[in-house]
């Protein structure tokens, strides 16, 4: 997990194992950080490949997954509950687990939100307080 801050805006990404050799990178959104209480919550979404099956068009569809996380900050990362939901209505819970999301020793540290958006798309809005 990578977590950054510019002013009051907190942004980052999480690497998610999907069964392929390389983890999928999911951009965090709705990040809420309480430094005094050392708590954090966020959401992320990613594609875990494609679905095929009954009531799904023959051309298949992306296997969208929504993540939500709520936990406490520690020196090693963040520890809390990770909930995975299907990305399509009725958004059924796929899994719920206790997790330790470790900090990554990333060589890329953005100097600004603009630089982050150039690297990862989907703009994080300046002025959006988290």
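Numbering (the working numbering), first residue to last: 914 to 1043.
We put the CB at the ideal spot given by N, CA and C, even for glycine.
The model shown is predicted, which means the values in this text are computed figures rather than measured ones.
Residue range of the unbroken alpha helix (DSSP H) whose run includes residue i
| i | result |
| --- | --- |
| residue 1033 | 1026–1033 |
Within 8 Å, strictly: CB atoms of residue i and residue j
| i | j | result |
| --- | --- | --- |
| residue 943 | residue 955 | yes |
| residue 991 | residue 1026 | no |
| residue 1016 | residue 989 | yes |
Sequence-distant residues of its chain with Cβ nearer than 8 Å to residue i (five each side left out)
| i | result |
| --- | --- |
| residue 994 | 982, 983, 984, 1009, 1010, 1011 and 1012 |
| residue 931 | 937, 959, 961 and 962 |
| residue 947 | 953 |
Burial state of residue i, where buried means 16 or more other Cβ atoms lie within 10 Å
| i | result |
| --- | --- |
| residue 1040 | Per-residue confidence for residue 1040 stands at a pLDDT of 41, beneath the threshold of 50, marking its modelled position as unreliable; the derived number appears in the next sentence. It is exposed - the Cβ of residue 1040 has fewer than 16 other Cβ atoms within 10 Å. |
| residue 1005 | exposed |
| residue 957 | buried |
| residue 1032 | exposed |
Residues of its chain near residue i, where Cβ-Cβ distance is below 6 Å and the 5 sequence neighbours each way are ignored
| i | result |
| --- | --- |
| residue 916 | 925 |
Limits of the unbroken beta strand (DSSP E) element including residue i
| i | result |
| --- | --- |
| residue 933 | Counting along the chain, residue 933 falls outside any beta strand (DSSP E), and DSSP gives it neither H nor E. |
7 Å Cβ shell around residue i - same chain, five flanking residues per side excluded
| i | result |
| --- | --- |
| residue 940 | 926, 957, 1033 and 1035 |
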